[in-house]
Each structure stands twice: as structure tokens, then as C-alpha cells.
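A.B. asks: Quick one: this structure, given as C-alpha cells, is what I'll be asking you about.
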């Protein structure tokens, strides 16, 4: 998140909860952004998936957050949730796109994997339409 203007704050008590995620969504809506997705690492996704209520039942995402697409990637920081209006990104490939077609040998079901590899610059049209919730450790 090396772009000036991206909103950011630290998670309260270094823990993630639905209130914190809703606060991020609200902060984005306060600048007229309509967030459509959030990105987390498998580690942060695990913290979210383990959220429980006072009776030990797993919590589900509240309605407004449940409507957002969640993307889990090992390329994301293990302590950050990034939410935003991702249609406000500009993606400019540097060169060519390398396409690989491979047979899926892991599952053995005869499926094919299409992998696209490229180098690109990515920039925010409106940086304040993105928010990084940092410092998540549980």
C-alpha cells in the first residue's frame, strides 16, 4: 500500500472483528466509495473464519459485508485486510502475457488449468476509495 491517499488504520487490539470490518466499509462509503471486494491472506481469513459469538457458535459476515467479494491470496500481507472499489484500479501490462495450459494432475479428474503470467503496473484512480486495516494478529 505505497500509494498516497489510501485510507488506513490499525485493528483495535490487533484483533479483527466484524465491527472493525464494518468501520472500514463505512469509512469508504463516507467518501462516496461503493466497495465491491476485500482481499486477505489465508492467515487473516483464518482469523475471520474463527470468529465466534458468546455461545461458541461461528459468526457469519453481516449483510453489508457478506455482499462483498472476498479474495484470499498468499500474496497479501498476513496482518492486513484491504477493502475497496476495485473498479477504480488501472492495470497496465508491461509487455506480453504468457499463457500456459496445463493438465491438472493433482486431482486426477482430467481438468485443465489456464495460467496467465504478466508483469504490470497497477495504480488507483481514486486512492481514497481503498482502505487498509493493518496490525491484525488474531
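Residue numbers (the numbering used here): 25 to 162.
Glycine is no exception: its CB is placed at the ideal position from the N, C-alpha and C atoms.
Please read these numbers as outputs of a predicted model, since none were measured by experiment.
#1: List the endpoints of the continuous beta strand (DSSP E) containing residue 138.
#2: Measuring CB to CB, does residue 96 end up less than 8 Å from residue 90?
#3: Which of helix, strand or coil does DSSP assign to residue 113?
#4: Since I believe residue 115 is in contact with residue 144 (beta carbons under 8 Å), could you give me their beta-carbon distance rounded to a whole number of angstroms?
#5: What whole-angstrom Cβ distance do residue 45 and residue 160 have, given they're in contact under 8 Å?
C.D. replies: With the structure as the only source:
#1: Here residue 138 refers to the residue found at position 114 when the chain shown is read from its first residue. 136 to 141 is the span of the beta strand (DSSP E), which, as asked, contains residue 138.
#2: As a position in the chain shown, residue 96 is number 72, starting the count at 1. As a position in the chain shown, residue 90 is number 66, starting the count at 1. Contact flag unset, no.
#3: The count along the chain shown starts at 1 and reaches residue 113 at position 89. In this structure, residue 113 counts as strand in the three-state DSSP scheme.
#4: By 1-based counting over the chain shown, the position of residue 144 is 120. By 1-based counting over the chain shown, the position of residue 115 is 91. At roughly 5 Å, the Cβ-Cβ gap stays under 8 Å, so residue 144 and residue 115 are in contact.
#5: Along the chain shown, read from residue 1 onward, the residue named residue 45 stands at position 21. Along the chain shown, read from residue 1 onward, the residue named residue 160 stands at position 136. Not really, about 10 Å apart at Cβ, beyond 8 Å.
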